[in-house]
Amino acid sequence: MKPFRISVPASSGNVGPGFDSTGLALGLYLHLNVLEANSLQFYSDGESISTENHFIWNIAEHIAHKHGITLPACKVQEANDIPLARGLGSSASAIVAGIELANQLGNLHLTPEQKLQYGTEIEGHPDNVAPSIYGGLIISTVFEEKIEHIQLKDIDVDIVAYIPNVELKTSVSRNCLPDSYKRDYAAKASAISNLTIAALYSKDYKLAGKLMEEDLFHEPFRSELIPNFSYIREEAKKHGAFGTILSGAGPTMLSITSKGKGATLQRYMSNLSLLADYQIKYIPIDYQGITIQD
Ligand code: HSE
33 MKPFRISVPA
43 SSGNVGPGFD
53 STGLALGLYL
63 HLNVLEANSL
73 QFYSDGESIS
83 TENHFIWNIA
93 EHIAHKHGIT
103 LPACKVQEAN
113 DIPLARGLGS
123 SASAIVAGIE
133 LANQLGNLHL
143 TPEQKLQYGT
153 EIEGHPDNVA
163 PSIYGGLIIS
173 TVFEEKIEHI
183 QLKDIDVDIV
193 AYIPNVELKT
203 SVSRNCLPDS
213 YKRDYAAKAS
223 AISNLTIAAL
233 YSKDYKLAGK
243 LMEEDLFHEP
253 FRSELIPNFS
263 YIREEAKKHG
273 AFGTILSGAG
283 PTMLSITSKG
293 KGATLQRYMS
303 NLSLLADYQI
313 KYIPIDYQGI
323 TIQD
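If you're matching positions, the sequence shown starts at 33 in the numbering used here and goes up one per residue.
Structure (structure tokens):
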């Protein structure tokens, strides 16, 4: 077996009002270095870990089982830049990494569409899995058991992320949401979402940023769980952000700003004493999605 390296980008789900259907790939990565070995060995950031109940290995075995194969022994070294339980798609990246591990070790020749299908079946919604596979901004939905998706390339904005020093489980953040919405409310929410995507497609980022902050599907119900929600939004706007949104289920927030202005916004926000224990990062958009290197 030739050694190989799998790299999977992080992602930000929802992108404002695109609840469960829109996601943006971000340049923070989960890497798996895979080498030949006589027994199965897994290392995370240099430390040996058990593969029993290991999330990524379990996914790989699940996919192998679906295809009626057994995976060969190997040594897997995991290195992860993606903060866990912060709304940056760490679980979707791990799912995609597990699927790709099975794909490479088992010579399954999976297409990106099959990977998206498997990933969505495991995650439950495609908004994080899709950008981790394809890169860029992806709008997707499950339709007649298949997943339809469109990639918007060349989103000409900079992204600044505000990552607090607390975790928030997606299940907790989803439990705050209503079970249903009334027709007028849903029609308004959907109109805001549609127009946001149209504005992104038209590169009208001023309008896109404004509309992103008007989401009605999830942010109004989650904002109470998010430290400094309004403060971050207001400060970022004063310093050039088009809009600031929850990343996925939170607690991370993201600003979009003009291309070339991200580093300035990052510096300004890093000087705010209320955000002293945040990681405030200017993160490039990833346009490649999952990559495999020899
Ligand atoms: N669309 C998902 C949510 C993203 O908002 O709950 C987090 O998995």
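Where a beta carbon is used, it is the ideal one built from N, C-alpha and C, also for glycine. Note that the coordinates shown come from a computational prediction; the quantities given were computed from them, not determined experimentally.
According to DSSP, Q73 shares a beta bridge with K107. Residue pairing by DSSP places V174 opposite I179 in a beta bridge. Between I322 and V128, the CB-CB gap stays under 8 Å. According to DSSP, L62 shares a beta bridge with V40 and N112.
Under the DSSP assignment, Y194 falls in the beta strand (DSSP E) whose first and last residues are V189 to I195. When rounded, the separation of the alpha-carbon atoms in N112 and H157 is 23 Å.
The Cβ atoms of L58 and I191 sit closer than 8 Å to each other.
The C-beta distance from I171 to G50 rounds to 7 Å, short enough to meet the 8 Å contact threshold. Residue pairing by DSSP places E68 opposite C106 in a beta bridge. By the C-beta density criterion, L297 is buried, having at least 16 other C-beta atoms within 10 angstroms. Going by beta carbons, T284 and G119 fall inside the 8 Å limit. By the Cβ test, the region 133-144 is not in contact with the region 289-306, since fewer than three Cβ pairs between them sit closer than 8 Å. The residues D188, in chain order, have a CB closer than 7 Å to that of K235 in the same chain once the five nearest residues on each side in sequence are set aside.
Assigned with DSSP and collapsed to three states, F274 falls in strand.
A straight-line Cα-Cα distance of about 42 Å links I324 and Y213.
When the five nearest sequence neighbours on each side are left out, the beta carbons in the same chain lying within less than 8 Å of the beta carbon of P35 are those of N65, V66, L67, E68 and D326, in order along the chain. With respect to the 8 Å criterion, G168 and I264 are not classified as neighbours on the basis of their beta carbons. Our two residues, L239 and K201, have alpha carbons roughly 31 Å apart in a direct line.
The Cβ-Cβ distance between N260 and L209 does not fall below 8 Å.
Contact between S279 and S44 holds: CB atoms are separated by about 4 Å, below the 8 Å threshold.
Going by beta carbons, E267 and M301 fall inside the 8 Å limit.
In this structure F175 is exposed. Its beta-carbon is surrounded by fewer than 16 other beta-carbon atoms within 10 angstroms. The C-beta of L286 has 16 or more other C-beta atoms within 10 Å across all chains shown, which makes the residue buried. Q149 places its beta carbon 8 Å or farther from that of Y166.
When the five nearest sequence neighbours on each side are left out, the beta carbons in the same chain lying within less than 7 Å of the beta carbon of A105 are those of A69, N70, S71 and L72, in order along the chain. Secondary structure at S212: coil, using DSSP grouped into helix, strand and coil. Judged by DSSP secondary structure, I258 falls outside any beta strand (DSSP E); it is assigned neither H nor E.
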